[in-house]
Structure formats: structure tokens, C-alpha cells
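Undergrad:
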Amino acid sequence: TTDPAGRVGLINRSARSLLGIEDDDFSERSVEDLLGRDLVTTVKATLSEKSQTQLYDLDFNRPNSRPLSLNLFASNMKTDNGTGLLIILQDITEKKTIDKHLRRLDKLASIGTMAAGIAHEIRSPLTSISMDLDMLYDCASDKKKVQDTIVEVLTEIERIDNIVNNLLQFARPTVE
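My numbering puts the first residue of the sequence shown at 1174, with every later residue one more than the last.
1) Just to confirm my understanding: we take Ile-1336, look at its own chain, exclude 5 residues before and 5 after, and list those with CB closer than 7 Å. What are they?
2) With 16 other CB atoms within 10 Å as the buried threshold, where does Leu-1284 fall?
3) What's the gap between the Cα of Leu-1327 and the Cα of Leu-1228?
4) Measuring CA to CA, which of Tyr-1310, Glu-1331, Arg-1332 is closest to Thr-1322?
5) Rounded to the nearest angstrom, how far is the Cβ of Leu-1183 from that of Asp-1264, given a contact under 8 Å?
6) Taking the beta strand (DSSP E) that Thr-1252 falls in, what are its first and last residues?
7) Report the rounded CA-to-CA distance for Leu-1262 versus Ala-1188, giving the unit in angstroms.
8) Label Val-1213 either buried or exposed according to how many other C-beta atoms from any shown protein chain fall within 10 Å of its C-beta, with 16 as the threshold for buried.
9) Assuming Ser-1224 contacts Ser-1248 under a Cβ cut-off of 8 Å, what Cβ separation, rounded to an integer in Å, is found between them?
Okay, here's the thing in C-alpha cells:
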């Protein structure tokens, strides 16, 4: 909680741990010192229009520590001296990490399913190529038939190349 001047009044043990604050390190500090001026400005601007706000998936960088992802709930809190803030923070860093891993696992499962389909799709043109080459061998004396068969073989090879290119495009890592 903050007082009307924006100084931290109370902060629980969990929030101190989350923000990397020593037991008495918060007294008389402004909430901007703890959470950052930009975040507090955003919260106050929203609260000036309505009595509460909720911000999701905030990236929060603590000094000398790994970045956090937070959900933040803030509400105006009336006191005898004016209006302060009640701020509730929820660390969702682990949840976001798990969600990222689940998306990767889903993608890998899709790749596995697609690989089975690709094996079938590759087998079909290869069978056709094999049969065409057998026919080419048998018809080597007929020049027109040989040319038609070669065109057919090249078309099937191009089909295989497109399938492989699509697989490579799908399997390429995405930048996040």
C-alpha cells in the first residue's frame, strides 16, 4: 500500500521477496523507486479514469536478478489523509515459461504427426518415379515416350522438393 504522497506504507513478505527488498529497506521509499516510474505512471493514469486497474504480463526487471513477468492489480485506497494505492503483484514468470514449453511441445507433436504424413507423401511419388524409370528402360527405343517419361519424373521430383521445403519452413525455429 502507499500513502497519498506515493510512499510505501505496507509491504508483505511475499512482495519484499518478489521485489528483492530487505526487511526495512522499503520504509519511506516511493512506490516509483520499487516498481519504476513508467509502470506507476501507467497505473496512476488508468486509476484517474476508474477506481481499479489490472495489467497483465508486465516485464519487470529487478537489479541483480532475473527478469520477472507479473500481473498487477491496483486500486485506489481512501485514507484519512487522501487517496493512496493498493497494489497486488502476482509472479507469472514460471507460468509463462511453462506455457512457452507447452507451445514448443505442441509444435513438436505436430511435427511428429506431419512427419508420418510426409513419409506417406514421399513414398507415393517415389513409387511413381520408380515405375516411370522402369518404363523408360523398357521403351528406350521410342524417343517421344522417353521424353514424356522424363518430364513426368521431373514433375514428381519437384513435388518431393516442395514437400521437403514445406517441412523445413514449418520446423524452422520462431523468434520470440
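Backbone N, C-alpha and C define an ideal beta-carbon position, used for all residues, glycine too.
TA: If we stick to the structure as given:
1) By 1-based counting over the sequence shown, the position of residue 1336 is 163. The answer, listed in chain order, is Ile-1291, Glu-1294, Ile-1295.
2) For the purposes of this step, residue 1284 is identified with residue 111 of the sequence shown, where counting begins at 1. Looking at the sequence provided, one finds Ile at residue 1284 rather than Leu. Classification of Ile-1284: exposed, given that the 10 Å Cβ count is below 16.
3) Position 154 of the sequence shown, counted from the start, is the residue given in the question as residue 1327. Position 55 of the sequence shown, counted from the start, is the residue given in the question as residue 1228. Roughly 57 Å between the two C-alpha positions.
4) Reading the sequence shown from its first residue, position 149 is the one you call residue 1322. Ranking the options by Cα distance to Thr-1322, first place goes to Tyr-1310.
5) Here residue 1183 refers to the residue found at position 10 of the sequence shown. Here residue 1264 refers to the residue found at position 91 of the sequence shown. Between Asp-1264 and Leu-1183 the Cβ distance is about 19 Å, and since that is not below 8 Å, they are no contact.
6) What you label residue 1252 is simply residue 79 of the sequence shown in a count that begins at 1. Start and end: 1241-1252.
7) Reading the sequence shown from its first residue, position 89 is the one you call residue 1262. Reading the sequence shown from its first residue, position 15 is the one you call residue 1188. Using only the alpha carbons, I get a separation of about 7 Å.
8) Taking the sequence shown and counting its residues from 1, one reaches residue 1213 at position 40. With 16 or more other Cβ atoms within 10 Å, it is buried.
9) Translated into positions along the sequence shown, residue 1224 becomes position 51. Translated into positions along the sequence shown, residue 1248 becomes position 75. Yes, they are in contact, since the Cβ atoms of Ser-1224 and Ser-1248 sit about 6 Å apart, within 8 Å.
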